[in-house]
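Participant: Residue numbers (our numbering): 37 to 1059. Where is the CB? At the ideal position from N, CA and C, for every residue including glycine.
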Amino acid sequence: MRNKIHTMYYHSELLDSTRQKRAQLKTGDLDEIARDFEEFEDNLITTAGIGKTRHKAKSRITSGEARLAPEVKEMLGQANVLYISQDYGKAIDFLQNLITKYPNVYQAWNTLGLVHEEMGHRDKALQLRMVAAHMNQNDANLWKELGVKSIEADANQQAIYCFTKALVAQPADIDALWDRSFLYRKLGRNDEAIDGFQQILEFTPHHFKVINELVQLYRHKGMVKEAIQLYEKSVEYHMENDTFDELEQQKQEAQQGEIDDFSDQLGYTEVNMLSELYLMQNDYRRSLETIKTGIRYVQHRQHETYWDSYGDNDQEYFEDPEHEERSDFPIELRVRMGICRVYLGDVKTAARHFQYLLNYPATTYPDLHQDIAYAYMDKRHYDPALNVFQKIIDVSEEVEVDLLIRTADCYHQVGELETAAIFYSNVLEEQPENLDVMLSLASVYEEQGKEEAALELVDYVMQKNREVRLKKKEEEKLKRAQALAAKPTDHREDTDKKNEKSSIFEEGGSTKMNRFEYYRRRRQELAKYEEERDRECVILFAKIAELEPSVAPNVIDTNKGIMREYIHVAQELYLEFHQTIAFFPSDRSRRFTGFFNRRQQSDKRSLDREAHQMARRLRGNVKSKNQQEEEDESDEDVQRMKDEDERDEKLRAANVFRGASFDVWCDLFIKYGFMLAVTQPEAANDMLKRVAEANVFYHDAQKIQALKLALLGCALINNNDTIKYEVQRWFMSVNRFKSSPYHLMLATTTSGPNSLAQYAGMSHMKYVMRTIRLIDTTLIQEYQTKPHHDEAVKQLNQQAVEAVDGDTTTLEDLNFNELFSYPSDQDKAAIRLMRARGEEVPTVPSPVLLNMFGLQLTVGRSFNGACLLLMRAYALEPNDPVNLLSLAVTLFMRAMNRKTTNRHFQIIQGFYFLNKYRNLRGRCQETEFNFGRAFHLLGLTHLAVPHYERVLVMPSADKKGKVPEKPIDSIYEYDEELEDRMMEEDEDDSDLTREAAYNLHLIYVTSGAPHLAKLLLAKYCSV
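This is the structure we're talking about:
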C-alpha cells in the first residue's frame, strides 16, 4: 500500500516539476538503474533470438513477441545492436525497411521511436511510439510511459488518452487514475477529476491526501457540504481504526522529521482544513470543537475527555508548566480558535489566544494579524481591531489599501472623525476613483458639519456612476456588434502548432463541448453562483440579527453608529434583491412563481413546447437532407427545456430567497427605509417604492400594505406631502369602499397649505365623488328592482328627514333626491365591470367617505352640497361626534354666506348638532373650545368669552381626572412663581389652553381691554 501511494505522489510531481527533476525521480538509485538494464538485456536477447534470458523472473516478453517470425526476430536484434552502438543513422534506415516489409511489428515502431528520442526528436519519437502502443494496446506500462511523455510535451489531451488506455488494460492501476485525475483538474474538467479521485478512494478508502484533492475540487464547485461530509467520515474512520502503535510510530517519525509527505494520517493540516470548511458555513461552534478534538488526537491525548466537564473554555490549550505539550500546536490553529471565540461572543478567551500571536512582530505573520483585526471588526469590537490594524501599519513598509480602508472605517465607528478623514483621503490619493471610499468620506464630512464638501463628493460619485452605466451600455453594444461581425476561422496559434507535432489530438485550443455538456456546465456554474450568493447573504443577515437588539423601538432614535452599520449591511442585501430580475417582471400583474418567473401552464414556453412536440411528430414522417441536423437541434432543445423545467419545478414554490424568508426581507426593508429617511429621504422613498413593485410583495396584501405604511412613515418623518398623498391614494384605491383608508388619510394629513390643497384638490375630490356615485348607482339599481319603487324613494326621503329630528315642513326645502342623482351610462358600465371582476360594491356608502366629501366641499365653499352629504353621513351614523361637529361648522359657514335664504334657521340647526356633539363628548376642553369658537365665528363674542375661560381653567384631555379644575379668577392672576411652574410642565399636545387664550385675547383687543389681552398673551402664549 505504501509503495502505491508513493508512486501516486511521484506522478503528481510530474505535472509541476521540471524535466530534470522528473528524470531524477524516474531513475531513482543505482539499484533501480541496474534493474532497468537487466530488463533491457532480457528484451534484447529475446528479440534477437540469442539464447535464454539471464533474469527469468524479470522478463517482459509479451504474447505478441512470442509469435514473431525468426526472420523478424533476427532483424529486430540487429536493429537493437545498432541502437546500442549508437549508430542511429543505420538503425533508422534498418528499422524503416523493417517497418515497410512488416508494418504490424510494433517493436520496430517502438524502437524507432526510442532512436529518434535519443537523437532529440522527441515529438517524432512520441508519435512513433504512439503507433506502437496502438498495435499492442494491452501494454499498460507503455501507455503510462507515453502519458508521462505527453505531459512533458504539453500534450495533455493525448496524455489523458494514454492513461485511459492504461486503465482499460489495468483498471485497478492507481498511478494512471491519479495522473489522469490531475490532468482533468489542470484542464478544468472538474467533474471527471472528481470521478477519478473517487475511484482512487475505492481502492484506498479514507486516504487524506486523496480527500484533500477532492475537497479542493468540491470547494471550487461550491460543494462545501459534500466536502465536510467527506472529511467527517474520514476523520471518524481514522479515529476509530488507527491503532496506538501506528500513532506512536507517527509520533516518532514526526520527532525525527521523517514524515512522508504522502502518508495517510490525521494531522494538523487536516484539522485546519476541516475547521476552515466549517468557517465557510459560518458554523463557528463546530469549527472550534473540531480544532479542540483534532489537537487532542494529534497530541495523542484523545483519552483526556475530562476537560469537557470544565465548561466551555479553552483552558487545556493555554500554557501549563507541567504540561507544555498541550499548548504546543501551530499558531494558525490557535488564531483560528480565537476567531471562533470572537464570533461566539467570548472575547476574553479569544484575546488570550491572540496574545500568542501578538507577541510576535506583525511582519512575522501579517495575514494572521489581519484575520484577527477583521474578526474584531466584524463583531464591532473596534478598539481592539484598531490596535491590531495600527500595529500592522506601524511596521509595514507598504500597506494594503483594503487594510487602510478598514482602519478608517474603525476610526469612523469610534467617532474619531478627523483620523478617519485622513485615512480616507490617503486611500483616495492611491485610488482616486474609489467611489465607496468617497461616499465614506462624504459621510464623515457630513457628521463634521462640512455639508458642502460632502455634497461635492456625493455629486461626483453620482456623476461617475452615470458614466459607468453609459460606458457599460456602449461596451455591450460593441460586443454585440463584434459578435455579429465575427466569422469562424481555422487559424491556429503557433503554440498550438507546436503541440500538433507531438500529439494526435487538438491541443492548446479549447476542446469542443457537445450541447449536453454545455448545458450541464451551465447548470453547475449557476448552482455554484447561487450557493455562493446564498452563503454571503446568510452572513449579512447574521450581522443584521446581531444589530437588531441595538435598534431602538422607535427606529429613527437608534444610535448613529448602529444605524450607519445597519444601513451599510442592508444596502448590500437590497442590491442583491434589486438585481434579481425574477422579482420585477415586465408584466406586474404576473404573480411570483419562482426565481425565473415562469407560469406552470399559461406561458409562452408552453407554446414553445407544443411547437417542438409537433416538430418531432413531423420529423417521423418527413425525410429531408438535413434530418440528422434537425434531430440534433431538436435533442438540444428538448434537453434545454427539460433542464429548465426541472429548475422551474424546484423553485416554483420557493418562499425564501438567499436563505431568508420574504417576511424577513420585508422587515429588513422597512427598518432600512426608516433609517435612510433620517439622512437620505429621497433614497428611502425610491428604495421602498422599488421594493413594493417586486411581485413577491406586490401580490401579498399584508406585505405590500406594510411597505406602503413604511413609505407613509418616511413621508411623515420628512414632511413630504407629495409622497404622503400618493400612499393615501394607494390605500383608497385598494380598499375603495372601506372606511379604513379614509380614516388613515384623515389621521396622517397635517396642517398647512400644501396638505389642504391636496386634501381638497380637484383630483381627490373627483375621486371621492366617483366613489360615492358608484355606491349610489348600486343603491338606485337595487331600489329599481323592487315592485314599489316610488314608495321606496318616498320612504328613503322620510327616513332622512326624520333622522335630523327637525321641523319637517321647513326641511322640505332640502331636496334629498339631489344626493341620489340618476346614474349615467358610464356609472352603470363601471358597476358591471367591477361585478364581472368579482368585486363587491356596497349599496350603502361609508359615513367617513360622505364626511370627507362634505368637508372637501366646505373647503371649496360649496356649503349646500356639503350639508347634504354630511346629512347623509348623519343618517347612517347619528352618534359620530366628528360628523356632528363637521355638520355644525358647515351649517354655521352656510349661515354666514350672504346668499343664504334662512340664516337664523341654519344657525339653530348648527347649534342643534353642536349640542348633540357636546352630549356625546361630555364637558371638556374640546367641547368648550368649539362652543366658544362657534359663538366667536357668529360674532357673539360675549357668549364666547365664558367658554374660552372655562377652557383655560379645565385640565387637558391627558390630565383629565388627575388635575382639578381651577377657579375662573385664577385666569387673571399672574406672578413669577406661576411662570416658573408652567415652564417646568411638560409639553401637552392635547392642551387647548394656548388656542383659547389667543382667541380670547383677540376678543379683548377688539372690545377695548388691551391690558387683559396682554396678560393672557404673557401668561399662556409666551414661550
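Given a cut-off of 7 angstroms on the beta-carbon distance, is the pair LEU712 and LEU747 in contact?
Facilitator: By one-based count along the sequence shown, residue 712 stands at place 676. By one-based count along the sequence shown, residue 747 stands at place 711. No, these two residues do not count as a Cβ contact at 7 angstroms.
Participant: Residue ranges of each alpha helix (DSSP H) run of no fewer than 4 residues wholly in the stretch 451-533, ordered along the chain?
Facilitator: Entirely contained in the stretch 451-533, the alpha helix (DSSP H) runs reaching 4 residues are, in chain order, 453-466, 471-484, 487-521.
Participant: Using 8 angstroms as the threshold, is the stretch 941-948 in touch with the stretch 1003-1010, meaning 3 or more CB pairs across them?
Facilitator: Not touching, per the Cβ criterion.
Participant: Cutting at 8 angstroms between CB atoms, please list the residues of its own chain near PRO1046, excluding the five before and the five after it.
Facilitator: Position 1010 of the sequence shown, counted from the start, is the residue given in the question as residue 1046. So the qualifying residues of the chain are TYR1040.
Participant: Between ILE598 and the rest of its own chain, which residues show a CB-CB distance below 7 angstroms, the 5 nearest in sequence each way excluded?
Facilitator: Residue numbering aside, residue 598 sits at position 562 when the sequence shown is read from its first letter. The residues are LEU583, SER586, VAL587.
Participant: Pick out whichever of GLY975, ASP722, LEU905 has its Cα sitting closest to the Cα of ASP812.
Facilitator: If you number the sequence shown from 1, residue 812 lands on position 776. Taking only the C-alpha atoms, the option nearest ASP812 is LEU905.
Participant: In its own chain, which residues sit with a C-beta less than 6 angstroms from the C-beta of GLY890, not counting the 5 before and 5 after it?
Facilitator: Along the sequence shown, one-based indexing puts residue 890 at 854. Cβ neighbours of GLY890 beyond the five flanking positions: ALA902, LEU905, LEU906.
Participant: Expressed to the nearest angstrom, what Euclidean distance is found between the alpha-carbon atoms of VAL884 and ASN915?
Facilitator: As a working mapping, residue 884 is identified with position 848 in the sequence shown. As a working mapping, residue 915 is identified with position 879 in the sequence shown. For VAL884 and ASN915, the distance between alpha carbons rounds to 13 angstroms.
Participant: Taking Cβ to Cβ, would you say LEU134 is nearer than 7 angstroms to LYS126?
Facilitator: Locating residue 134 in the sequence shown gives position 98, counting from the first residue. Locating residue 126 in the sequence shown gives position 90, counting from the first residue. Not closer than 7 angstroms, so no.
Participant: Which residue comes first and which comes last in the alpha helix (DSSP H) that contains CYS750?
Facilitator: Locating residue 750 in the sequence shown gives position 714, where the first residue counts as 1. Note, CYS750: alpha helix (DSSP H), 737-754.
Participant: Applying the 10 Å Cβ sphere with the 16-neighbour rule, what's the burial state of TYR353?
Facilitator: Taking the first residue of the sequence shown as position 1, residue 353 is located at position 317. Result: buried.
Participant: If you compare alpha carbons, which of GLU228, MET373, GLU368, PHE365 is closest to THR326?
Facilitator: Numbered from its first residue, the sequence shown carries residue 326 at position 290. That would be MET373, whose Cα lies nearest to the Cα of THR326.
Participant: Here's a check: name, in chain order, each residue in its chain whose Cβ is nearer than 8 angstroms to the Cβ of ARG1030, leaving out the five neighbours to either side.
Facilitator: Reading the sequence shown from its first residue, position 994 is the one you call residue 1030. Taken in chain order, the residues that qualify are TYR1056, CYS1057.
Participant: Let me check one thing: in DSSP terms, what residues is ALA696 bridge-paired to?
Facilitator: If you number the sequence shown from 1, residue 696 lands on position 660. Answer is PHE693.
Participant: Can you give the beta carbon distance from TRP179 to ALA208, rounded, assuming they're within the 8 angstroms contact cut?
Facilitator: Along the sequence shown, read from residue 1 onward, the residue named residue 179 stands at position 143. Along the sequence shown, read from residue 1 onward, the residue named residue 208 stands at position 172. With a Cβ gap of about 15 angstroms, TRP179 and ALA208 do not count as contacting.
Participant: Please state the DSSP three-state secondary structure of PRO991.
Facilitator: Your numbering for residue 991 matches position 955 in the sequence shown. Here PRO991 sits in coil by DSSP.
Participant: Give the range of the alpha helix (DSSP H) segment to which GLY381 is assigned.
Facilitator: Here residue 381 refers to the residue found at position 345 when the sequence shown is read from its first residue. Run containing GLY381: none; DSSP gives neither H nor E here.
Participant: Quick one: measure Cβ to Cβ for LEU923 and ARG908, integer angstroms, because I've assumed they're closer than 8 angstroms.
Facilitator: Indexing the sequence shown from 1 puts residue 923 at position 887. Indexing the sequence shown from 1 puts residue 908 at position 872. Rounded, the Cβ-Cβ distance is 10 angstroms, inconsistent with contact.
Participant: Among SER311, ARG806, PHE967, GLY749, which residue has its Cα nearest to the Cα of VAL768?
Facilitator: If you number the sequence shown from 1, residue 768 lands on position 732. Sequence check: residue 768 is Met here, not Val. The shortest Cα separation from MET768 among SER311, ARG806, PHE967, GLY749 belongs to ARG806.
Participant: Just curious, the alpha helix (DSSP H) that ASP430 is in, first and last residue?
Facilitator: Numbered from 1 along the sequence shown, position 394 holds the residue referred to as residue 430. Per DSSP, ASP430 belongs to the alpha helix (DSSP H) from 418-431.
Participant: Say whether the stretch 418-429 touches the stretch 458-473, bearing in mind that this needs 3 or more beta-carbon pairs closer than 8 angstroms, one atom from each stretch.
Facilitator: No, the stretch 418-429 does not touch the stretch 458-473.
Participant: In whole angstroms, give me the CA-to-CA distance for ASP1025 and ASP994.
Facilitator: The residue given as residue 1025 occupies position 989 in the sequence shown. The residue given as residue 994 occupies position 958 in the sequence shown. Each residue's Cα considered, the two are about 9 angstroms apart.
Participant: Would you identify the three-state DSSP class for LEU336, choosing helix, strand or coil?
Facilitator: Along the sequence shown, one-based indexing puts residue 336 at 300. A small fix is needed here, since residue 336 is His in this sequence, not Leu. Correct three-state label for HIS336: coil.
Participant: Assign SER1043 to one of two classes, buried (16 or more other C-beta atoms within 10 Å of its C-beta) or exposed (fewer than that).
Facilitator: Residue numbering aside, residue 1043 sits at position 1007 when the sequence shown is read from its first letter. Counting Cβ neighbours within 10 Å, SER1043 comes out exposed, since fewer than 16 surround it.
Participant: I need the straight-line Cα distance from ASN756 to LEU380, nearest angstrom please.
Facilitator: Start at 1 with the first residue of the sequence shown, and residue 756 comes out as number 720. Start at 1 with the first residue of the sequence shown, and residue 380 comes out as number 344. Approximately 44 angstroms between the Cα atoms of the pair.
Participant: For the alpha helix (DSSP H) containing ASN133, list its first residue and its last residue.
Facilitator: As a working note, residue 133 is residue 97 in the sequence shown. Note, ASN133: alpha helix (DSSP H), 124-137.
Participant: On a Cα-Cα basis, can you pick out the residue from ASN731, GLU561, GLU454 that is closest to ARG255?
Facilitator: Working through the sequence shown from its first residue, we reach residue 255 at position 219. When each option's Cα is compared against that of ARG255, the closest is GLU561.
Participant: Buried or exposed: which applies to HIS243, given that a residue is buried once 16 or more other Cβ atoms fall within 10 Å of its Cβ?
Facilitator: Position 207 of the sequence shown, counting from 1, holds the residue named residue 243. Flag for HIS243 reads buried.
Participant: Rounded to whole angstroms, what is the Cα-Cα separation between LYS1050 and TYR1034?
Facilitator: Numbered from its first residue, the sequence shown carries residue 1050 at position 1014. Numbered from its first residue, the sequence shown carries residue 1034 at position 998. C-alpha separation (whole angstroms): 10 angstroms.
Participant: Helix, strand or coil for ARG652, going by three-state DSSP, please let me know.
Facilitator: Numbered from 1 along the sequence shown, position 616 holds the residue referred to as residue 652. Summary for ARG652: the model assigns pLDDT 45, below 50, so the residue's position carries little reliability; its value from the coordinates is reported in the next sentence. Three-state DSSP puts ARG652 in a helix.
Participant: Can you check which of these residues, GLN317, THR305, LEU315, ASN318, is closest to GLY330 by C-alpha distance?
Facilitator: Here the question's residue 330 lines up with position 294 in the sequence shown. Selected option, being the one with the closest Cα: THR305.
Participant: In the structure shown, what three-state DSSP assignment does ASN915 receive?
Facilitator: Residue mapping note: residue 915 aligns to position 879 of the sequence shown, counting from 1. The answer is coil: DSSP assigns ASN915 none of H, G, I, E or B.
Participant: If distances are taken between C-alpha atoms only, which option among MET990, VAL981, GLU1001 comes closest to LEU1048?
Facilitator: For the purposes of this step, residue 1048 is taken as the residue at position 1012 of the sequence shown. Taking only the C-alpha atoms, the option nearest LEU1048 is VAL981.
Participant: Take ALA606 as the anchor and find which of TYR333, VAL450, ASN966, LEU704 has the nearest alpha-carbon.
Facilitator: Stepping through the sequence shown from its first residue, residue 606 is reached at position 570. Taking only the C-alpha atoms, the option nearest ALA606 is LEU704.
Participant: Should SER461 be counted as a contact of the ligand SAH given a C-beta to heavy atom distance under 6 angstroms?
Facilitator: The ligand content of the structure shown is nil, which means the ligand SAH is not present either.
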